[in-house]
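>
Number of protein chains: 2
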Amino acid sequence: MTRRYDIAIIGAGTAGLSALNQVRKHTDNFVIINAGPYGTTCARTGCMPSKTLVEFANAFHNRHLLETLDVQGAAALQLDSAVLMQKVRDLRDDFAAAAARQTADLGERSIAGRARFVAPQRVQVGERIIEAEASIIATGSRPVVPDAWRALGRRVADSDEFFEWEELPPSLAVVGMGGVGLELAQALSRVGVDVYGFEASNCIGGLSDETVARQALDMLQPEFPIYMGARAELDAQGDRVAVQGSGRQVVVDKALVALGRRPNLEGLGLEQLGVVLDDQGRPRFNPHTMQVGDLPIYLAGDVDGCVPLLHEAADEGYIAAHNALQSGALSFERRTPLMIVFSDPHIAVAGQSLASLKSVEPVIGAADFAAQGRLRMTRSDRGVLRVYAEPGSGRLLGAEMCVPQGEHLAHLLAWAIGERRSVHDVLRMPFYHPVVEEGLRSALRDTRDRLGDSRKAPLELALQHRLPCVPAAGQ
Amino acid sequence: MTRRYDIAIIGAGTAGLSALNQVRKHTDNFVIINAGPYGTTCARTGCMPSKTLVEFANAFHNRHLLETLDVQGAAALQLDSAVLMQKVRDLRDDFAAAAARQTADLGERSIAGRARFVAPQRVQVGERIIEAEASIIATGSRPVVPDAWRALGRRVADSDEFFEWEELPPSLAVVGMGGVGLELAQALSRVGVDVYGFEASNCIGGLSDETVARQALDMLQPEFPIYMGARAELDAQGDRVAVQGSGRQVVVDKALVALGRRPNLEGLGLEQLGVVLDDQGRPRFNPHTMQVGDLPIYLAGDVDGCVPLLHEAADEGYIAAHNALQSGALSFERRTPLMIVFSDPHIAVAGQSLASLKSVEPVIGAADFAAQGRLRMTRSDRGVLRVYAEPGSGRLLGAEMCVPQGEHLAHLLAWAIGERRSVHDVLRMPFYHPVVEEGLRSALRDTRDRLGDSRKAPLELALQHRLPCVPAAGQ
């Protein structure tokens, strides 16, 4: 059975659905093929259940603020972790169902099955042969777990499997302190699990600025220990698991592995396409066109092995669809980088990370959020924000931070960086009072002061070059 | 006793201290004169204690989220309102002491007393005569309470006196549903006071967009009733107070009057200056130079009767000092307007309010925050945001909103408006997931769609005009 389509989308996750959204505006002659569960990684096992757990855990954690207000009963509050996990799944199921609904009305144009290229414009799904003018590969990714650890059975879970746990274990090792590991480790610690974190590198949460990373560690460690700088080793110990790293060993009930995700490339038949694959089996592609070589094939989302973030995956689906529809290769600007970890304090990188600033030695300004006015009110005044600016011009290049409500400061910074604004420009914007944004202003002022004589004592307000709207009058 | 100074600053509040901060960089020959308590309106009775109370009340209110998680003991939590008020004052005292310290080391250059102009460059304080090259008037403001209501004695308090209450009354009328009244009313309702709100106008919280105001009212009213559209009348009823408005009467233990603030102009001897005073006794001044007529006298802060916001007062102190120091009249651009009320949801106006958009009929896009992903996690998904854009260009002009965490969205919008960005520009910025900023994106997309054919189906990502940094390569 052979059918011809304008577009074949392989994968109904975030990137595939984003592509679908564009494709449907231009043609009805498409097919979307999906292997495995519907509902997107984001909604099923990624952003949504993890942030739901984080929000629930933080709500429970905030009883400590009530204790400082002498609220009667605050110290005795008790959370049932089985109820908690079920409530996380309930909301997660809602989110996943909403994502799954996007392909529910497609009838024969939605195929559940595994797709395999037999030629650049020919895809096989079971017995079916699909001929497509252009294809979009959006098969996503799956968590990395070393094979040897899989042998430990139910003692070990990846971040996808974790959300199916009906109860939380008394003790837990979280291996990998990137964003996912950090969020889950802290949340679980806050709901009463005895958590131990392990990280092979010397940075946590995707930070590259060691000053920020060190302070982040200082803020997080009082809640649960983090053992850094050595690859963890896992061994069965009865029903439990022994985790070793950095010369420390803990024996815990379970280990949660959060070592990142691997693109789902196997079985796609990419070797049939006549393009060079790298040592991880990835075809070469252009991240601005999403095109694979000069084929009518486009990548989108986690499968490309770049930034596994929802908003990037959605953009890639958009770009891939745009180019697939016209069998073209329009080159799009990618958005200003933005990465947020929903730990407390939030960890974020806006614009360029310190490590990625290779061509310039940036001027660095910083702010300490201890004693920050607004945050004092909720006893959450702590954190560090470092801003990187171009010497001379003061143009904002990037920032790294570990700050309460940092998600919002990171958006402000990423937007200013995206618009190529300077420290001086941004200092002319309004900062309300009392808000956490005033801490960002402190970092910007510090950066300005460190820029030195390039602009002598710049005014924080702009001089007016046009006539005032309200000339010389009381209001 | 006569002494000559370069600069005399009258008032040691936010504006006066901001001016002081600039003046000290350029001369030691200054004097700062203050009548009444030190420590700034913001720290003593304004922003800081009110936001502290709001944060405390919200922390207690959030027990309802714990109830939805079946947390044992959440429903039985009890708050002692006397303890609450004392904790608010404790933190308030810290903030006020920090402000007061800024004049503590000035010795004879700081004078406690009431200043009165006898001539443009001559100020009398008690027996002292101060000759100043230039003066800055920063005497602040005080709450407005009708004289007849003052006769009701301790039954009635203004928003300054309120913070001295040792206990909270069982029932309370809050007269005036501007920002201050709304914040206090909701916070007090959340800690168990039976609150009734009264507002003479048809808008609340400084909103001018009736669509937003109506929805704000719908969200707030389930917590406490608000009687709109008629001036309230207060009468003693035994030890209690009867409050009447909009055909409703309530008899409550106390009334909190939040009808705004009046500039402290009396006794300053402004009639000695030979400038025209308006019917409220305010001298004409230029809001871009802060200069009064062409005198060596500058206004700063609440005393000018414009926008009684800390960040504006600080700017005015800066401008006034800058011009006073050189006896000049440099004209400064004022920051993009930004107003935030820390109710829940936050109320905010960024850039121009709908009412202030007189010369253009804006294109209006909106977003409803019901079912907003991130907010669903804390069961706080509700709210409305309306964006005003220039027809044709899509340039952002303003926005009004009632949205959880709206303070942050308001900053993003105010900055984009300040930089004269269009809806299209802003849609090219990164929006992370899952964040409340995605709700802002919905409003921007709606605005873009309503802009019509002026730009046909604009791409949400920009086309790339320069060569890609990573040309045609896997990463």
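For the record, the sequence lines run as chains A and B.
If you're matching positions, the first sequence starts at 1 in the UniProt record's numbering and goes up one per residue.
If you're matching positions, the second sequence starts at 1 in the UniProt record's numbering and goes up one per residue.
All C-beta atoms, glycine included, are put in the ideal place defined by N, C-alpha and C.
This structure is a prediction, so every number in the text was calculated from the model and none was measured.
Please list, in chain order, all residues of the same chain as residue 349 of chain B whose beta carbon is under 6 Å from its beta carbon, the five residues on each side excluded.
Closer than 6 Å at the Cβ level, and outside the excluded window around residue 349 of chain B, lie 339 and 400.
> With DSSP as the reference, identify every bridge partner of residue 249 of chain B, one or two as the case may be.
For residue 249 of chain B, which the question treats as bridged, DSSP gives the partners B:244.
> Can you have a look at residue 66 of chain A and say buried or exposed, based on whether 16 or more other CB atoms are within 10 angstroms of its CB?
Flag for residue 66 of chain A reads buried.
> Taking the alpha carbon of residue 301 of chain A as the point to measure from, which residue in A:16, A:449 and A:5 has its own alpha carbon closest?
Ranking the options by Cα distance to residue 301 of chain A, first place goes to A:16.
> Is residue 58 of chain B buried or exposed, if buried means 16 or more other CB atoms sit within 10 Å of its CB?
Buried, since its Cβ has 16 or more Cβ neighbours within 10 Å.
> Going by DSSP in three states, residue 254 of chain A sits in which element: helix, strand or coil?
Note: residue 254 of chain A maps to strand in three-state DSSP.
> What beta strand (DSSP E) runs, 3 residues minimum, are completely inside the segment 175-222 of chain A?
Counting only runs of 3 or more, we get 194-199.
> Is any beta-carbon of chain A found at less than 9 Å from that of residue 16 of chain B?
No, its Cβ sits nowhere closer than 9 Å to a Cβ of chain A.
> Nearest-angstrom Cα distance between residue 437 of chain B and residue 102 of chain A?
For residue 437 of chain B and residue 102 of chain A, the distance between alpha carbons rounds to 23 Å.
> Could you tell me the boundaries of the beta strand (DSSP E) in which residue 127 of chain B lies?
First-last for residue 127 of chain B: undefined, no H or E at that position.
> Mark residue 144 of chain A as exposed unless 16 or more other C-beta atoms lie within 10 angstroms of its C-beta, in which case mark it buried.
The residue is exposed, with fewer than 16 neighbouring Cβ atoms inside 10 Å.
> For residue 369 of chain A and residue 383 of chain A, I'd like the C-alpha separation in whole angstroms.
Roughly 5 Å between the two C-alpha positions.
> Given a threshold of 16 other Cβ atoms within 10 Å of its Cβ, counted over all protein chains shown, does residue 327 of chain A qualify as buried or as exposed?
So residue 327 of chain A ends up on the exposed side.
> Is it a yes or a no for the segment 317-337 of chain A touching the segment 18-33 of chain A, going by three-plus beta-carbon pairs under 8 Å?
With the cut-off at 8 Å, the segment 317-337 of chain A and the segment 18-33 of chain A touch.
> So which of A:238, A:234 and A:214 has the shortest CA-CA distance to residue 228 of chain A?
Taking only the C-alpha atoms, the option nearest residue 228 of chain A is A:214.
> Take every Cβ of the segment 161-179 of chain A, pair it with every Cβ of the segment 252-260 of chain A, and state whether three or more of those distances are shorter than 8 Å.
Yes, the segment 161-179 of chain A is in contact with the segment 252-260 of chain A.
> Starting from the beta carbon of residue 449 of chain B, find every residue of chain A whose beta carbon is closer than 9 Å, and list them in chain order.
Residues of chain A passing the Cβ test: none, with the nearest at roughly 13 Å.
> Chain B partners of residue 3 of chain A, CB-CB under 7 Å?
Residues of chain B passing the Cβ test: none, with the nearest at roughly 29 Å.
> Is there at least one non-hydrogen atom of the ligand SAM closer than 8 Å to the beta-carbon of residue 237 of chain A?
This structure simply doesn't include the ligand SAM, nor any ligand for that matter.
> If we call anything under 9 Å between Cβ atoms a contact, is residue 180 of chain B one with residue 186 of chain B?
For residue 180 of chain B and residue 186 of chain B, no; Cβs fall outside 9 Å.
> Would you check if the distance between the CB atom of residue 374 of chain A and the CB atom of residue 434 of chain A is smaller than 9 Å?
Yes, the Cβ-Cβ distance between residue 374 of chain A and residue 434 of chain A is below 9 Å.
> Give a yes or no on contact between the segment 111-131 of chain A and the segment 278-287 of chain A, applying the rule of three or more CB pairs nearer than 8 Å.
Result no; under three Cβ-Cβ pairs closer than 8 Å.
> Kindly indicate which residue of A:78, A:197, A:167 and A:460 has the alpha-carbon position closest to the one of residue 245 of chain A.
The candidate whose alpha carbon is nearest that of residue 245 of chain A is A:197.
> Out of B:204, B:231 and B:386, which has the shortest C-alpha to C-alpha gap to residue 218 of chain B?
Here the closest residue by C-alpha is B:204.
> Does residue 201 of chain A pass the burial test, meaning 16 or more other C-beta atoms within 10 Å, or should it be called exposed?
By the 10 Å Cβ count, residue 201 of chain A comes out exposed.
> In chain order, what residues of the segment 162-181 of chain B put their CB closer than 7 Å to some CB of chain A?
Answer set for the segment 162-181 of chain B: empty.
> Do residue 23 of chain B and residue 110 of chain B have their beta-carbon atoms positioned less than 9 Å apart in this structure?
It is not a contact, given that the beta carbons lie outside the stated cut-off.
> Which same chain residues, not among the five before or five after residue 324 of chain A, have their C-beta less than 6 Å away from its C-beta?
The answer, listed in chain order, is 7, 134, 136 and 298.
> Answer with buried or exposed for residue 51 of chain A, where buried requires no fewer than 16 other C-beta atoms within 10 angstroms of its C-beta.
Counting Cβ neighbours within 10 Å, residue 51 of chain A comes out buried, since at least 16 surround it.
> Along the alpha helix (DSSP H) that carries residue 44 of chain B, what are the first and last residues, could you check?
Element bounds for residue 44 of chain B: 41-44.
> Terminal residues of the continuous alpha helix (DSSP H) containing residue 237 of chain B?
Where residue 237 of chain B is concerned, there is no enclosing alpha helix (DSSP H), although the beta strand (DSSP E) it sits in stretches over 233-237.
> Residues in the segment 240-273 of chain B with C-beta within 8 Å of chain A's C-beta atoms, listed in sequence order?
Those would be none; no residue qualifies.
> Would you say residue 432 of chain B reaches chain A, if we count a Cβ-Cβ gap shorter than 9 Å as a contact?
With 9 Å as the cut-off, residue 432 of chain B counts as an interface residue toward chain A.
> Nearest CA to the CA of residue 115 of chain B: which residue from B:107, B:422, B:166 and B:12?
Among B:107, B:422, B:166 and B:12, the Cα nearest to that of residue 115 of chain B belongs to B:12.
> What residue range does the alpha helix (DSSP H) around residue 407 of chain B cover?
Taken as a continuous stretch (DSSP letters only), the alpha helix (DSSP H) holding residue 407 of chain B covers 406-418.
> Per DSSP, which residues does residue 402 of chain B bridge with? Please list them.
Answer by DSSP bridge pairing, in chain order: B:347 and B:384.
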